[in-house]
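The sequence shown runs 2 to 327 under the working numbering. Down below is the structure, laid out as structure tokens.
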Amino acid sequence: MSNPDEIFLELGIGTRMRRLQEMMTADAERFYEEMGVNFRVSYFYVVYALSVRGSMPIAEIAKLAGFSHSAVSQTVKRLAGEGLIRTTAMEDGRQKCVELTEDGLHVVSRLRPIWDDIDAVIKEAMLEGGANLLAGIEALESSFVRKSMYDRVKEKQKTRAFAPPAFEIVPYDIKYNKAFYELNRRWLEAYFEVEPIDETVLSDPETHILSKGGEIFFTLIDGRPVGTVAMKIQGPGSFELTKLAVDPDVQQGGMGRALCEKVIERFQARGGKTLYLETNTKLVPAIRLYEKLNFVAMDPPEPSPYERANYYMEWMGANNDRAAAE
2 MSNPDEIFLE LGIGTRMRRL QEMMTADAER FYEEMGVNFR VSYFYVVYAL
52 SVRGSMPIAE IAKLAGFSHS AVSQTVKRLA GEGLIRTTAM EDGRQKCVEL
102 TEDGLHVVSR LRPIWDDIDA VIKEAMLEGG ANLLAGIEAL ESSFVRKSMY
152 DRVKEKQKTR AFAPPAFEIV PYDIKYNKAF YELNRRWLEA YFEVEPIDET
202 VLSDPETHIL SKGGEIFFTL IDGRPVGTVA MKIQGPGSFE LTKLAVDPDV
252 QQGGMGRALC EKVIERFQAR GGKTLYLETN TKLVPAIRLY EKLNFVAMDP
302 PEPSPYERAN YYMEWMGANN DRAAAE
């Protein structure tokens, strides 16, 4: 049964392995001390490898254990100082061959029974938990041999860098009032001048949009508003898609389109007859988006209250062949 208070899960597997190692090391060294054997757990991998495979170069021990050559060399040096192993130069003179001495063989013969008992206890403990820890470790090691953890993480970072951020669309809330103003004003200042009517509507959307039956929506990333759009009522059955603005720092991932589609969805749900928008001919990318959503340019039925508005479009419905192809 998992511990609900445990915080070190997959990300903390190194910490968990060290914790387990320290538990087992403390118990194993108690046995060595009780037996009166001058042996440390840190010696185990070298001595055990030599007892199983016989004499071999330091490089081979390092390969079997998966440790660095320098780390193994340090352990070999300590074991040689204890008189448990000896090293001899190999024929090429570049490597040293390591083997157990008589004292080393004697220590192994004394420790073999306790090693067998520890081996059995570990297997029993894993069965108690219904898990095969060894198989899991082998699978993890094999995976990281095929492709290192570093390379795998770099791939994820690269993928994330090009992936659009996940966002959600939510209706207006008073806590987003400031964001509605700032997102729209930032967009306006980038392309046009802020007109008096802009300041009036943006400063009080509850009065000028919501109280008249309009709706406002926001896109959120991790709870932060980064895009907005409004649907204003302009007469019986007539609605305007307006105040579309997306933070330029996150202007990707189809956010603008999603906001427009939300307005279209609400327009249909409310049984609207006309959905229109006003824009400017210099906003070519925006016009292309509106065309993909099946807005079509028309002559405006009346002058716009905005000086910048020189292009009028109406939505032609969802069943148009062009919209379906998009």
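Note that the Cβ used here is the ideal one computed from N, Cα and C, for glycine as well.
Three-way DSSP call (helix, strand, coil) for LEU85 in this model: Assigned with DSSP and collapsed to three states, LEU85 falls in coil, not helix or strand.
From VAL53 to ALA167, what distance separates their C-alpha atoms? C-alpha separation (whole angstroms): 54 Å.
Tell me the DSSP secondary structure of PHE181 in three-state form. Here PHE181 sits in helix by DSSP.
Please state the DSSP three-state secondary structure of TYR49. If DSSP states are grouped into helix, strand and coil, TYR49 belongs with the helices.
Counting only the same chain and skipping the five closest in sequence on each side, list residues whose C-beta sits under 6 Å from that of GLU65. Note on residue identity: the sequence assigns Leu, not Glu, to residue 65. Contacts found: ALA50.
Would you kindly report the start and end of the unbroken beta strand (DSSP E) that includes ASN144? Sequence check: residue 144 is Ser here, not Asn. Taken as a continuous stretch (DSSP letters only), SER144 belongs to no beta strand (DSSP E), being part of the alpha helix (DSSP H) at 134-147.
Using a 10 Å radius around the Cβ and a threshold of 16 neighbouring Cβ atoms, would you call GLU216 buried or exposed? Looking at its Cβ environment, which holds 16 or more other Cβ atoms inside 10 Å, GLU216 is buried.
According to the neighbour-count rule (16 or more other Cβ atoms, all chains shown, within 10 Å of its Cβ), is ILE8 buried or exposed? Exposed is the call here.
In this structure, how does DSSP classify GLY15 when only helix, strand and coil are distinguished? In this structure, GLY15 counts as helix in the three-state DSSP scheme.
Compute the Euclidean distance between the alpha carbons of TYR46 and ALA259, then round it to the nearest angstrom. Straight across, the Cα-Cα distance linking TYR46 with ALA259 is about 59 Å.
Give the list of continuous alpha helix (DSSP H) stretches no shorter than 4 residues that lie fully inside the segment 208-276. Within the segment 208-276, the runs of alpha helix (DSSP H) that reach at least 4 residues and sit entirely inside it are, in chain order, 256-270.
For the pair the segment 140-151 and the segment 69-87, tell me if three or more CB-CB distances fall below 8 Å. These segments do not touch.
Which same chain residues end up closer than 6 Å to ALA180 when comparing Cβ atoms and leaving out the 5 residues on each side of it in sequence? If the five residues before and after ALA180 are omitted, its C-beta is found closer than 6 Å to the C-beta atoms of PRO226, all from its own chain and listed in chain order.
Check this for me: beta carbons of PHE240 and THR208, under 8 Å apart or not? Going by C-beta atoms, PHE240 is not nearer than 8 Å to THR208.
Under the three-state DSSP convention, the category GLU327 falls into: Annotation note: pLDDT 43 at GLU327 (below 50); position unreliable, no value reported.
Where LYS283 falls: helix, strand or coil (DSSP): Here LYS283 carries a coil assignment [DSSP, helix/strand/coil].
LEU85 and LEU101: beta carbons closer than 8 Å? Their beta carbons are under 8 Å apart, which means LEU85 touches LEU101 by this criterion.
ASP250 to HIS70 span [Cα, whole Å]: One C-alpha to the other measures close to 48 Å.
Burial state of GLY137 (16 or more Cβ within 10 Å): When all chains shown are included, GLY137 counts as exposed.
What residue range is occupied by the uninterrupted beta strand (DSSP E) comprising GLU129? No beta strand (DSSP E) contains GLU129, which is instead part of the alpha helix (DSSP H) from 103-130.
Looking only at its own chain, which residues have a Cβ that is under 6 Å from the Cβ of ARG17, when we skip the five neighbours before and after it? Within the same chain, ARG17 has close Cβ partners PHE9.
Would DSSP call PRO197 helix, strand or coil? PRO197 carries a helical assignment under DSSP once its states are collapsed to helix, strand and coil.
Assuming ILE62 is part of the beta strand (DSSP E), what are its boundary residues? Careful: ILE62 lies outside any beta strand (DSSP E), inside the alpha helix (DSSP H) at 59-66.
Going by alpha carbons, who is nearest to LEU203 out of ARG187, TYR192, ALA191 and LEU290? Residue ARG187 holds the alpha-carbon nearest to the alpha-carbon of LEU203 among ARG187, TYR192, ALA191 and LEU290.
Coarse secondary structure for GLU315, derived from DSSP in three states: In this structure, GLU315 counts as strand in the three-state DSSP scheme.
Would you kindly report the start and end of the unbroken beta strand (DSSP E) that includes VAL171? Element bounds for VAL171: 169-172.
Which residues bound the beta strand (DSSP E) around VAL297? It spans 296-299 - the beta strand (DSSP E) in which VAL297 sits, taken as one unbroken run.
Where does ALA246 land, buried or exposed, given buried means 16+ other C-beta within 10 angstroms? With 16 or more Cβ atoms within 10 Å of its Cβ, ALA246 is classed as buried.
Spatial neighbours of ALA81 within its chain, please: CB distance less than 8 Å, with the 5 preceding and 5 following residues excluded, ordered by chain position. Contacts found: ARG87 and THR88.
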